[in-house]
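Trainee:
2 protein chains.
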Amino acid sequence: MITSEKIERLKEKGHTPTIQRMAVLEFMEGNLSHPSVEEVYQGLKAKYPSLSMATVYATLELLRDLGLLRELTILRSKVCYDSVIHAHHHFFCKVCGRVFDISVDCAIPKKDLINGNKVDEFQAYIYGTCSGCLSA
Amino acid sequence: MITSEKIERLKEKGHTPTIQRMAVLEFMEGNLSHPSVEEVYQGLKAKYPSLSMATVYATLELLRDLGLLRELTILRSKVCYDSVIHAHHHFFCKVCGRVFDISVDCAIPKKDLINGNKVDEFQAYIYGTCSGCLSA
DNA sequence: CCAAGATTTATAATAATTATTGATTAATAA
DNA sequence: TTATTAATCAATAATTATTATAAATCTTGG
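Given below as structure tokens:
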């Protein structure tokens, strides 16, 4: 989904496309580094000096609620975000600390029922050592 | 795995089976409620009044590192633990806030390589509404 | 333009986690 | 057993992440 479509989604749901929200969307667009709230804030404050952390928190949560971002709780005490919405999973390298996207077949259905429980979202986290750190 | 085997694992790795560690192990043994650090502490302080949160944190992390407990980061800003080690996944109900064990077939292998990355652990989190809350 | 409501900012408050340090306890060797 | 050393624990302080609040600012429809 490109940014303009995301702006439409915002408007549809009655949220104004403010400069701050556009900035966060643009920052996240195509960003594969799975930034934390702090990292989003740091990445934007040079261009938007008046931006506050509270706004970054609120914006990321709003975008998550609208389904425009995925929220990852891979790490203890540190949430991060992903702009890639389509089904994929995450690999966390215990050595370098990076989060990689990974494609793995998994039979768990999306938006369906499992044992009578309604599934909204599915996240698979794989913890280990990445190929780069293995060879180093 | 029964507690006596877990005690052996502790000793093998050079850690003393202290009263505090035994207390945490016993508390977690067969506990399917996925307690948080705070809940483990609250569950033990009546019997062990001198126990401190720092010890509970350290003990849970040690047991996790030894593979005797699983650490779940299902929730933003709240870690919880599971004494059930064998492969299974977790369902988090957004309505009642409870965490349920769930058995789902998933092709992701354990202790193996994926795309050249070494897999230590795999966690699948399913978010949604549980059957109980659906019918209510 | 003006009013109503939404949003942002700045800051304070809260909650979770981590670090530190001295005291206590356990393990080991004489 | 006792002395020595290392490991562990408890209490507290410090840090970090997150949430709440209230005033200022912006947006939008009339």
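So the protein sequences, as listed, match chains A and B. When the first sequence is numbered by the numbering used here, its final residue is 161 and no position is left out of the sequence of numbers. When the second sequence is numbered by the numbering used here, its final residue is 161 and no position is left out of the sequence of numbers. Ideal Cβ placement from N, Cα and C applies to all residues, glycine included. Note that the structure is predicted; figures quoted are calculated from it, not measured.
(1) Here's a check: name, in chain order, each residue in its chain whose Cβ is nearer than 8 Å to the Cβ of L138(A), leaving out the five neighbours to either side.
(2) Counting along the chain, where does the beta strand (DSSP E) carrying V124(A) start and finish?
(3) Going by DSSP, what residues sit across from H114(A) in a beta bridge?
(4) Any idea what DSSP makes of E146(B), helix, strand or coil?
(5) Whole alpha helix (DSSP H) runs in the segment 33-86 of chain B with 4 or more residues, listed along the chain?
(6) How far does the alpha helix (DSSP H) with L159(B) in it reach, from first residue to last?
(7) Could you tell me how far apart the beta carbons of T80(B) and E51(B) are, in whole angstroms, since I believe they sit closer than 8 Å?
(8) What does the Cβ neighbour count give for K72(B), buried or exposed, with the cut at 16 atoms within 10 Å?
(9) Within 8 Å, do at least three Cβ pairs link the segment 142-159 of chain B to the segment 144-160 of chain A?
(10) Quick check on DSSP: helix, strand or coil for L100(A)?
(11) Assuming the contact rule is C-beta atoms closer than 8 Å, E96(B) and V104(B) should be a hit. Round their C-beta distance to whole Å, please.
(12) Report buried or exposed for K31(A), applying the criterion of at least 16 other Cβ atoms within 10 angstroms of its Cβ.
Mentor: By the coordinates alone:
(1) Counted from its first residue, the first sequence places residue 138(A) at position 113. Contacts found: V144.
(2) Taking the first sequence and counting its residues from 1, the one referred to as residue 124(A) is at position 99. Residues V124 to I127.
(3) Stepping through the first sequence from its first residue, residue 114(A) is reached at position 89. Looking at the DSSP assignment, H114(A) forms a beta bridge with I127(A).
(4) Taking the second sequence and counting its residues from 1, one reaches residue 146(B) at position 121. Three-state DSSP puts E146(B) in a strand.
(5) Within the segment 33-86 of chain B, the runs of alpha helix (DSSP H) at least 4 residues long that lie entirely inside it are, in chain order, 44-53 and 62-69.
(6) As a first step, residue 159(B) is located in the second sequence; it is residue number 134 there, counting from the start. Its alpha helix (DSSP H) spans residues S156 to S160.
(7) For the purposes of this step, residue 80(B) is taken as residue 55 along the second sequence, with counting starting at 1. For the purposes of this step, residue 51(B) is taken as residue 26 along the second sequence, with counting starting at 1. With a Cβ gap of about 15 Å, T80(B) and E51(B) do not count as contacting.
(8) Reading the second sequence from its first residue, position 47 is the one you call residue 72(B). Here K72(B) is exposed, its C-beta having fewer than 16 other C-beta atoms within 10 Å.
(9) yes
(10) Here the question's residue 100(A) lines up with position 75 in the first sequence. If DSSP states are grouped into helix, strand and coil, L100(A) belongs with the strands.
(11) As a working mapping, residue 96(B) is identified with position 71 in the second sequence. As a working mapping, residue 104(B) is identified with position 79 in the second sequence. Confirmed, about 6 Å.
(12) As a working note, residue 31(A) is residue 6 in the first sequence. Answer is buried; the Cβ neighbour count reaches 16.
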